[in-house]
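**Student:** In this note's numbering, the protein residues as written are 208 to 675.
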């Protein structure tokens, strides 16, 4: 391995490749709860063989050409905020860390797009755009630490996706380095997105995105909020479904079930029932009319207004969720906290809510759920859960059993095993179940066509051949 690595080191500028043990260990995992728990009990993820820190498309191309020639796997890493093991090191593989590709390119205020390299962090991009009165609208809890490349790899969706869309809808152009080192440029923003979509949500298994052109929008003058107490979760689902199917377009639309509302909004008077939260651009003239119609529609569905304060509080503290996760996964032994996202049609949402929720509740102390990103035909569900056990191993076993059962029930209910957090090691076996035999075989053939040596983030989209 040393001789093979030496070939790579000589082909790149000095300082591009690191084999320093401490650096390798620090980059071995992402933020997947199971890997964090294993590290906490002294069983960390084995480190990669080396880390490459490219600064240009040429560096990425040289690395992938070398990988294809040697058959050595390449795991792509952005900000390390992923929660599925998508950026977790693989035995004998190298890690391609894109953090030094952090240049923000042209902001086109006429077409309302921005071009940025894959290693640009969300917080930096937002600050750059906000200074020009613009925003991506891609409001992630992990915005400050996550990267543009990571968003695309995971197929991420922000808190305001109802107004701005998810990353799949925002991508207008890509520069991608394929497994053989070829550079593919997709820059036809008005054309079909057939090839672009191949690289969104697939975790770097079809190629390494090095640069993206994304849509941007004018910043809202301010957010106006409406919050309603629903008589039940099913009633809240029906209310939100009616809102989106009637064509109302709030920037934000979320439904918190009772358990999640209690955990998030523990103030007297509005924390004992499901809560539907809507956010509007207060500077748009039509927004006030939509808010009026929303209040009228709420009465039809038995929902009661509780005023704007809940929404305002939630929006003000929206970044705290990722910090709370990191704190909870700190030193306390036998505790694992995580969130599991699934998606489905409106008809399947009740089955998903019951099936996935009951699977998690069989092993977790707390399970709460948010209905997220409601669209005309369906929505996502984001389940937050906390597992407490007598020691780390029992907690890890309970976590595996809970997630395995939950994702199997998701597939059985006709849902998708991911909404906006990608696939990775966590979900790869269940994506194969969701796709079915023919679907999984078709995806494998596509992978083999673009990556014949199976070096691109192996095992992070489907299990290795022969294992599912």
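C-beta atoms are modelled at their ideal positions from N, C-alpha and C, and glycine is treated no differently.
On a CA-only basis, which of 547, 342, 285 is nearest residue 315? Give me that one, please.
**Tutor:** Residue 315 has its Cα closest to that of 342, out of 547, 342, 285.
**Student:** I'd like the list of long-range same chain contacts for residue 472, defined as Cβ closer than 8 angstroms, with 5 residues on each side in sequence excluded.
**Tutor:** Answer for residue 472: 463, 478, 482, 517, 520, 521, listed in chain order.
**Student:** Between which residues of its own chain and residue 666 is the CB-CB distance below 8 angstroms, once the five residues before and five after are set aside?
**Tutor:** Once the five neighbours on either side are set aside, the close Cβ partners of residue 666 are 297, 632, 635.
**Student:** Buried or exposed: residue 213, going by 16 or more other Cβ atoms within 10 Å of its Cβ?
**Tutor:** That one is exposed.
**Student:** Using CA atoms only, rank isn't needed, just tell me which of 264, 250, 303 is closest to residue 274.
**Tutor:** For the residues 264, 250, 303, the minimum Cα distance to residue 274 belongs to 303.
**Student:** Look at the alpha carbon of residue 220 and the alpha carbon of residue 423, and state the distance between them as a whole number of angstroms.
**Tutor:** Roughly 35 angstroms between the two C-alpha positions.
**Student:** Express the C-alpha separation of residue 605 and residue 178 in angstroms, rounding to a whole number.
**Tutor:** Outside the modelled stretch of the chain, which goes from 208 to 675, sits residue 178, for which no answer is possible.
**Student:** Only counting the same chain, and skipping five residues up and downstream in sequence, which positions put a Cβ closer than 7 angstroms to that of residue 616?
**Tutor:** Same-chain partners within the cutoff: 562, 563, 566.
**Student:** Tell me the residue span of the beta strand (DSSP E) that contains residue 642.
**Tutor:** Per DSSP, residue 642 belongs to no beta strand (DSSP E); it is in the alpha helix (DSSP H), 631 to 657.
**Student:** Could you check where the beta strand (DSSP E) with residue 598 kicks off and where it finishes?
**Tutor:** Counting along the chain, residue 598 falls outside any beta strand (DSSP E), and DSSP gives it neither H nor E.
**Student:** What do you get for residue 499, buried or exposed, if any count of 16 or more other CB atoms within 10 angstroms of its CB means buried?
**Tutor:** Exposed, because fewer than 16 other Cβ atoms sit within 10 Å of the Cβ of residue 499.
**Student:** Quick check on residue 578: buried or exposed, where buried means 16 or more other Cβ atoms within 10 Å of its Cβ?
**Tutor:** So residue 578 counts as buried.
**Student:** Would you mind reading off the limits of the beta strand (DSSP E) that contains residue 488?
**Tutor:** Segment 482 to 488, the beta strand (DSSP E) holding residue 488.
**Student:** Would you call the CB atoms of residue 345 and residue 326 closer than 8 angstroms?
**Tutor:** Not closer than 8 angstroms, so no.
**Student:** Can you have a look at residue 496 and say buried or exposed, based on whether 16 or more other CB atoms are within 10 angstroms of its CB?
**Tutor:** Exposed, by the Cβ-count rule.
**Student:** Would you kindly report the start and end of the unbroken alpha helix (DSSP H) that includes residue 279?
**Tutor:** Careful: residue 279 lies outside any alpha helix (DSSP H) and carries neither H nor E.
**Student:** When DSSP labels each residue in this structure, what does residue 238 get in the three-state scheme?
**Tutor:** Three-state DSSP puts residue 238 in coil, outside helix and strand.
**Student:** For the alpha helix (DSSP H) containing residue 228, name the first residue and the last one.
**Tutor:** 228 to 233 is the extent of the alpha helix (DSSP H) around residue 228.
**Student:** On the three-state DSSP scale, how would you describe residue 346?
**Tutor:** Coil.
**Student:** Along the alpha helix (DSSP H) that carries residue 411, what are the first and last residues, could you check?
**Tutor:** Residue 411 -> no alpha helix (DSSP H), and no H or E assigned at all.
**Student:** Just the C-alpha distance for residue 394 and residue 402, rounded to the nearest angstrom, thanks.
**Tutor:** About 11 angstroms.
**Student:** Ignoring anything shorter than 4 residues or poking outside the region 295 to 370, list the alpha helix (DSSP H) runs there in chain order.
**Tutor:** Fully enclosed alpha helix (DSSP H) runs of 4 or longer: 329 to 337, 355 to 361.
**Student:** Consult DSSP for residue 219 and reduce its assignment to one of helix, strand or coil.
**Tutor:** DSSP places residue 219 in coil when its eight states are reduced to three.
**Student:** Using beta-carbon positions only, say whether residue 300 and residue 237 come within less than 8 angstroms of one another.
**Tutor:** Their beta carbons are not under 8 angstroms apart, which means residue 300 does not touch residue 237 by this criterion.
**Student:** According to the neighbour-count rule (16 or more other Cβ atoms, all chains shown, within 10 Å of its Cβ), is residue 337 buried or exposed?
**Tutor:** The residue is exposed, with fewer than 16 neighbouring Cβ atoms inside 10 Å.
**Student:** How about residue 375 and residue 362: are their beta carbons less than 8 angstroms apart?
**Tutor:** Cβ distance < 8 angstroms, so residue 375 and residue 362 count as in contact.
**Student:** Let me know the secondary structure DSSP gives residue 475 once reduced to three states.
**Tutor:** Any reading at residue 475 is ruled out, since the residue's pLDDT is 47, under 50, leaving its predicted position unreliable.
**Student:** Once DSSP output is grouped into helix, strand and coil, what is the label at residue 432?
**Tutor:** Note: residue 432 maps to strand in three-state DSSP.
**Student:** I'd like to confirm the pairing. Which residues does DSSP put opposite residue 584 in its beta bridges?
**Tutor:** Paired residues: none, contrary to the question.
**Student:** Please report the residue range of the alpha helix (DSSP H) in which residue 520 lies.
**Tutor:** Here the alpha helix (DSSP H) through residue 520 covers 516 to 523.
**Student:** Out of curiosity, what's the CA-to-CA distance linking residue 254 and residue 261?
**Tutor:** Their backbone Cα atoms lie some 19 angstroms apart in a straight line.
**Student:** Nearest-angstrom Cα distance between residue 475 and residue 572?
**Tutor:** Confidence at residue 475 is low in this model, with a pLDDT of 47, below 50, so its placement is unreliable and no value can be given for it.
**Student:** Decide if the region 574 to 588 is in contact with the region 439 to 457; the criterion is three or more beta carbon pairs, one per stretch, under 8 angstroms apart.
**Tutor:** Yes, since at least three Cβ pairs between the region 574 to 588 and the region 439 to 457 fall closer than 8 angstroms, the two stretches touch.
**Student:** Pick helix, strand or coil for residue 625, following the three-state DSSP scheme.
**Tutor:** Here residue 625 sits in coil by DSSP.
**Student:** Near residue 211, which residues of its chain fall below 8 angstroms by C-beta distance, leaving aside the five closest residues on each side in sequence?
**Tutor:** Same-chain partners within the cutoff: 277, 279.
**Student:** Check whether the region 383 to 390 touches the region 264 to 271, counting contact only when three or more Cβ pairs, one atom from each stretch, lie closer than 8 angstroms.
**Tutor:** Enough Cβ pairs lie closer than 8 angstroms, so yes.
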